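J.: Just so you know, we're using this note's numbering here: the sequence shown kicks off at 3 and counts up by one.
Cβ atoms here follow ideal geometry from the backbone N, Cα and C, with glycine treated the same way.
In this text the structure is predicted, and so the values were computed from the model without any measurement.
Let me give you the structure first, and then I'll get to my questions.
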Amino acid sequence: MAHLRVSTKVIVVGGGGTMGSSTALHLIRSGYTPSNITVLDVYPIPSLQSAGHDLNKIMGIRLRNGPDLQLSLESLDMWKNDELFKPFFHNVGMIDCSSSEEGIENLRRKYQSLIEAGIGLEKTNVWLENEDEILARAPHFTREQIKGWKGLFSSDGGWLAAAKAINAIGEFLKGQGVNFGFGGAGSFKRPLFAADGTTCNGVETLDGKRYYADKVVLAAGAWSPTLVDLEDQCVSKAWVFAHIQLTSREAAEYKNVPVVYDAEYGFFFEPNEHGVIKVCDEFPGFSRFKQHQPYGAASPKMISVPRSHAKNTTDTYPDASEATIRKAIARFMPRFTDKVLFNRTMCWCTDTADANLLICEHPKWKNFILATGDSGHSFKLLPNIGKHVVELLEGSLSQNLADAWKWRPGGDALKSRRGAPPKDLADMSGWKHDAKL
Ligand SMILES: Cc1cc2nc3c(=O)[nH]c(=O)nc-3n(C[C@H](O)[C@H](O)[C@H](O)COP(=O)(O)OP(=O)(O)OC[C@H]3O[C@@H](n4cnc5c(N)ncnc54)[C@H](O)[C@@H]3O)c2cc1C
């Protein structure tokens, strides 16, 4: 194996994003020769159109199934202890809260499953039964504001300085002498095949350049189903966020507050070093269906095609999102309802039907590996997901992960595990703005 690692050439498409940069990192950590690794992306690391190119993302334990729990525990350990990732984990805690009957019931069930996981999570997760208990963890709320709320505080949780963490991987890769292709020379056009027509041996990029390798990993996030035919296993959707600016006095009051999440409203984070708070709403996402022919599809078909903010800088988000983001601000920080919202952005992820990742070899193209299907919850896996992609390349991925992440057409990725299917951007107003001349 050691010999193979030294001599195997690998191309990582989407290496400027979350799963791709993690894969390139773990190739090096596993002993692959840096000059045999090629990272391709539309933008340099951290790619401006990566879902991870953001101020912050939530870190929390996910209990939904065995693989989710295993991966989130592994990543928590690396965010806390790995020298590369440690600086980007702000372990300020997280409060899941609700005041609706159904929301509180869901929270109780979550608390119960944390305890039943049998791995000591009751030590780091505390039920908040009343306003006093919530105020003790989150003194920035007013008693009036949180009347009737209940909550679940997790001291394992917090936030991740997302773009900065991907940037740190990029700096590491540069220092190691990995090969890069960006822009037209980094944008995937199609896989290349050996004489047998089915063994992938490289990638052609938009500018016509050809890169050859033993293995190709496609980790193109929301763009993956537009690049190769994934047989409707992934549907790409946009979620939104906006920023508000605090004065330095306001920012000081919110310093180190836990991440606050309410499934019916959204979530927000403590201000960054410039006093900027990011606010998100919660909803089933927006699609953007159009006729499109990914490589491998016999003819064009209806596919949700991302439209990145990086390329369309005047795009914002639908008017409907302005209303729901403002509702989240009124819920969490009523004193800031009059603040101007800026950096109003859509950010693209791709859902699978069962919300498990799609990390497997393509069933018809040998040595062409997919690492996608993030389902909107995978930034937290930045430190460790690449380790498992490397295991897959080497045939040592554990059976439980291989089963969860296998090629599996046939489900409903449009609705996925969300409350409803997405609304389509074609039916939404307010997000598309012509560039000012
Ligand atoms: C608003 C919002 C909030 C979120 N909050 C959280 C959170 O709190 N916690 C959490 O864990 N997760 C969160 N997520 C989800 C998380 O960001 C994603 O699950 C994760 O970043 C997806 O990683 P990825 O590698 O699949 O895709 P990306 O990180 O998007 O990477 C895809 C890469 O492919 C590149 N690419 C695209 N086309 C091509 C091409 N033709 N050729 C080469 N490269 C290409 C892109 O430039 C990009 O770099 C959130 C997502 C959004 C949108």
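DSSP three-state label for HIS454, please.
T.: Nothing can be reported for residue 454, as the shown portion of the chain is limited to 3 through 439.
J.: I'd like the list of long-range same chain contacts for GLY421, defined as Cβ closer than 8 Å, with 5 residues on each side in sequence excluded.
T.: PRO286, listed in sequence order.
J.: Closer than 6 Å: is that where the CB of VAL15 sits relative to any heavy atom of ligand 1?
T.: Within the cutoff, so yes.
J.: My parser needs the alpha helix (DSSP H) runs of 4 or more residues fully inside the segment 287-354; what are they?
T.: Qualifying alpha helix (DSSP H) stretches, in chain order: 321-334.
J.: If contacts are defined as beta-carbon pairs under 8 Å, then VAL180 and ALA26 qualify, I think. What distance do you get, rounded to the angstrom?
T.: Rounded, the Cβ-Cβ distance is 6 Å, consistent with contact.
J.: What did DSSP end up calling ALA244 once you bin it into helix, strand or coil?
T.: Three-state result, ALA244: strand.
J.: Check each candidate in GLN72, SER23, LEU162 and ILE171 and name the one with the smallest Cα separation from PHE271.
T.: The residue with the shortest Cα to Cα distance from PHE271 is LEU162.
J.: Rounded to a whole number of angstroms, what is the C-alpha to C-alpha distance between SER310 and GLY188?
T.: Rounded to whole angstroms, SER310 to GLY188 spans 16 Å at the Cα level.
J.: Excluding the five sequence neighbours on either side, which residues of its own chain have a C-beta within less than 7 Å of the C-beta of LEU439, listed in chain order?
T.: Because the pLDDT at LEU439 is just 48, under 50, the model does not fix this residue reliably, and the value given afterwards should be weighed accordingly. Answer for LEU439: no residue qualifies.
J.: In three-state DSSP terms, what is GLU103?
T.: Reduced to three states, the DSSP call for GLU103 is helix.
J.: Would the C-beta of MET80 count as close to ligand 1, meaning under 6 Å from any of its heavy atoms?
T.: Checking every heavy atom of ligand 1 against the Cβ of MET80, none is found closer than 6 Å.
J.: Between ASP56 and SER49, is the Cβ-Cβ spacing less than 7 Å?
T.: Not in contact: ASP56 and SER49 (Cβ atoms no closer than 7 Å).
J.: By DSSP, does TYR256 sit in helix, in strand, or in coil?
T.: The answer is helix: DSSP assigns TYR256 an H, G or I state.
J.: Under 7 Å, do VAL281 and MET96 count as touching if we go by C-beta distance?
T.: In this structure, MET96 does not lie closer than 7 Å to VAL281 by Cβ.
J.: Just to confirm the assignment: which complete alpha helix (DSSP H) runs, minimum length 4, are found wholly within the segment 103-175?
T.: Segments of the alpha helix (DSSP H) lying fully in the segment 103-175: 103-118 and 133-139.
J.: Report the start-end ranges of each beta strand (DSSP E) in the segment 201-251 that is 3 residues or longer and not cut off at the edges.
T.: For the segment 201-251, whole beta strand (DSSP E) runs of length 3 or above, ordered along the chain, are 202-207, 212-214, 217-220 and 237-247.
J.: Along the chain, where does the alpha helix (DSSP H) that runs through PRO69 open and close?
T.: From DSSP, the alpha helix (DSSP H) with PRO69 extends over 68-83.
J.: Please name the residue in ILE387, GLY150 and ASP405 whose C-alpha comes closest to that of LEU29.
T.: When each option's Cα is compared against that of LEU29, the closest is ILE387.
J.: Could you pull the DSSP bridge partners for ARG64 from this structure?
T.: Looking at the DSSP assignment, ARG64 forms no beta bridge with any residue, so it has no partner.
J.: Smallest Cα separation from CYS99: which of HIS379, GLY204, PHE269 and LEU78?
T.: For the residues HIS379, GLY204, PHE269 and LEU78, the minimum Cα distance to CYS99 belongs to PHE269.
J.: Keeping to the same chain, check which residues put their C-beta closer than 8 Å to that of GLU266; ignore five residues upstream and five downstream.
T.: So the qualifying residues of the chain are SER100, SER102, GLY105 and GLU284.
J.: Quick check on this structure: which residue in CYS202, GLU255, ALA224 and HIS294 has the alpha carbon closest to the alpha carbon of VAL278?
T.: Residue GLU255 is the option with its Cα nearest to VAL278.
J.: Note down the Cα distance separating ALA119 from LEU6, rounded to an integer number of angstroms.
T.: The straight-line gap from Cα to Cα measures roughly 39 Å.
J.: Closer than 6 Å: is that where the CB of SER289 sits relative to any heavy atom of ligand 1?
T.: Checking the Cβ of SER289 against ligand 1 gives no.
J.: Provide the residue(s) that pair with ALA373 in DSSP beta bridges, ordered along the chain.
T.: In DSSP, ALA373 forms a bridge with ILE361.
J.: Looking only at C-alpha atoms, which of THR201, LEU403, ARG145 and TYR45 sits nearest to ILE361?
T.: Comparing Cα-Cα distances from ILE361 to each of THR201, LEU403, ARG145 and TYR45, the minimum goes to LEU403.
J.: So, do the segment 287-300 and the segment 387-398 have three or more beta carbon pairs nearer to each other than 8 Å?
T.: No, the segment 287-300 does not touch the segment 387-398.
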